Amino acid sequence: MHVIVRMIASSCWLIVPMASKAVVESLYEALSRGDAAAAAALMAEDVEWWFHGPRRCQYMRRLLTGEVAHRDFRFRPRRVAEVGRGWVVAEGWEGKHAYWVHAWAVEGGVITRFREYFNTAVTVQEVRPPAVSPENSHSSAAAVWQSEVRAHRGRSLPGLVLAI
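In mature numbering (1 follows the signal peptide of the UniProt record, and there is no 0), the protein residues as written are -22 to -1, 1 to 142.
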């Protein structure tokens, strides 16, 4: 588990989990350096994995399992945003044929769930969840994101709505 240590007073220390977004950004940084050990340290051993896209595009699985070298496909997020309830969404693209969205669940400073969407050509924007009040503070309402499809040289590309 990665933590941020803050000094309180002159000799007291408080250890708090790293923010969810910082964990995910650290993962991408480790992957870009080819540092498999650092990437593995950010993930639970039993990560729940879900993939949507062409089978040949499972680059993240291949990268994290060591099946391919980190140079075969580089994930460079164009945007990383925390959506709530520990979920972080990252989106990016490589060239004109590789569009992806990753949704990561972070609990206790480690990634516990991962959802990967490939060939989506989307820009993710937040759709605000309902306000939390004392009556619904234990609500299981999902964080919802909706894509904003951009025109890509006359191609029709699918939109994407994530309820996580």
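The beta carbon of each residue, even a glycine, is placed where N, CA and C say it ideally should be.
The structure displayed is predicted, hence computed values, not measured ones.
- Same chain, Cβ closer than 6 Å to Asn97, five either side skipped, listed in chain order: Only residues of its own chain outside the window of five on either side were considered, and among them Gly31, Tyr77 have a CB closer than 6 Å to the CB of Asn97, listed in chain order.
- Message: I need the DSSP call for Arg33, collapsed to helix, strand or coil.
- Response: Three-state DSSP puts Arg33 in a helix.
- Contact under 8 Å by Cβ, Phe51 with Leu41: Judged by their CB atoms, Phe51 and Leu41 are nearer to each other than the 8 Å cut-off.
- Output the boundary residues of the alpha helix (DSSP H) element that contains residue 158. Nothing about residue 158 can be reported from this structure: the residues present for the chain run from -22 to 142 only.
- Task: List the whole-angstrom C-beta distance separating Met(-5) from Gly87, where the pair is believed to meet the contact cut-off of C-beta under 8 Å.
- Result: Cβ-Cβ separation between Met(-5) and Gly87: approximately 5 Å, consistent with a contact (criterion under 8 Å).
- Message: Contact defined as beta carbons within less than 8 Å: I believe Trp82 pairs with Val66. What is the distance between those atoms, to the nearest angstrom?
- Response: By a beta-carbon distance limit of 8 Å, Trp82 contacts Val66. Their separation comes to about 5 Å.
- Hey, quick one: how far does the alpha helix (DSSP H) through Val1 stretch, first residue to last? It spans -3 to 11 - the alpha helix (DSSP H) in which Val1 sits, taken as one unbroken run.
- Task: Identify every run of the beta strand (DSSP E) within the stretch 61 to 94, keeping only runs that are complete inside it and at least 3 residues long; order them along the chain.
- Result: Complete beta strand (DSSP E) runs here, min 3: 65 to 72, 76 to 85.
- Query: Apart from the five residues just before and just after Arg56, which ones in its own chain have a Cβ nearer than 8 Å to its Cβ?
  - Reply: These residues qualify, in order along the chain: Glu69, Gly70, Trp71.
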